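The sequence shown begins at 1360 in the numbering used here and counts up one residue at a time.
Idealized CB from N, CA, C, for every residue including glycine.
Since the structure is predicted, the reported quantities are computational estimates derived from the model, not experimental observations.
Everything on this sheet refers to the single structure shown next.
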Amino acid sequence: MCPKIMVVDDEPDTIDLIKLILESEDIEVVGANSGFECLESIEEERPDAILLDIMMPDMNGWETFHKIKEKEPVLPVAMLTVKSQEFDKMLGLHVLKADDYITKPFSRKELIKRTKELLEMKLQ
């Protein structure tokens, strides 16, 4: 059985790109277009990890992150964002305790490597 990643992003093209890259590595990808959609489908989909955009309308990634961790505290979540300043990374990783912080644009190789590392967290 292949691992499953949920990608939460308000840009369908981003979800499609990640799906194309990760499915070539035998990682199943399910998409959610908003934080609300993620929270509604997380129980049904049972992802092994989540890639979560920060800048989304209605419910931003940080709000979504906190709600995910309330329900599923051990589920690995990586923030996926264009916010690449060192301050933003430090805030995400050390203050808010995201499991990883991946900046856009990312390379195919980097996305695969970081996603596999995220999935390994689930096994620990």
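If you run the structure through DSSP and keep just helix, strand and coil, what is E1384?
-> Start at 1 with the first residue of the sequence shown, and residue 1384 comes out as number 25. Correct three-state label for E1384: coil.
Per DSSP, which one or two residues make a beta bridge with D1391?
-> Locating residue 1391 in the sequence shown gives position 32, where the first residue counts as 1. A small correction: the amino acid at residue 1391 is Ala; Asp does not occupy that position in the sequence shown. Paired residues: V1367.
What separation, rounded to the nearest whole angstrom, lies between the Cα atoms of K1363 and E1399?
-> On the sequence shown, position 4 is the one that residue 1363 refers to. On the sequence shown, position 40 is the one that residue 1399 refers to. Distance between the alpha carbons of K1363 and E1399 is about 17 angstroms.
Tell me, please, which residues DSSP counts as bridged to I1409.
-> Sequence index remark: in the sequence shown, residue 1409 carries index 50 (1-based). Beta-bridge partners of I1409 (DSSP): M1365, V1436.
Could you give the distance in angstroms between the alpha-carbon of T1440 and the alpha-carbon of D1372?
-> The sequence position of residue 1440 within the sequence shown is 81, counting from 1. The sequence position of residue 1372 within the sequence shown is 13, counting from 1. Distance between the alpha carbons of T1440 and D1372 is about 14 angstroms.
Going by beta carbon distance, what residues of the same chain come within less than 6 angstroms of L1376, once the five residues before and after it are set aside?
-> In the sequence shown, the residue the question calls residue 1376 occupies position 17. Once the five neighbours on either side are set aside, L1376 has no close Cβ partner at all.
Given a threshold of 16 other Cβ atoms within 10 Å of its Cβ, counted over all protein chains shown, does V1433 qualify as buried or as exposed?
-> The count along the sequence shown starts at 1 and reaches residue 1433 at position 74. With fewer than 16 Cβ atoms within 10 Å of its Cβ, V1433 is classed as exposed.
Measure the alpha-carbon distance for I1380 versus L1411 and round it to whole angstroms.
-> In the sequence shown, residue 1380 corresponds to position 21, counting from 1. In the sequence shown, residue 1411 corresponds to position 52, counting from 1. Those two C-alpha atoms are separated by around 16 angstroms.
Residues that DSSP places opposite I1461 in a beta bridge = Position 102 of the sequence shown, counted from the start, is the residue given in the question as residue 1461. Beta-bridge pairing links I1461 to L1439.
Exposure label - C1397; buried when at least 16 CB within 10 Å | Numbered from its first residue, the sequence shown carries residue 1397 at position 38. C1397 should be labelled buried.
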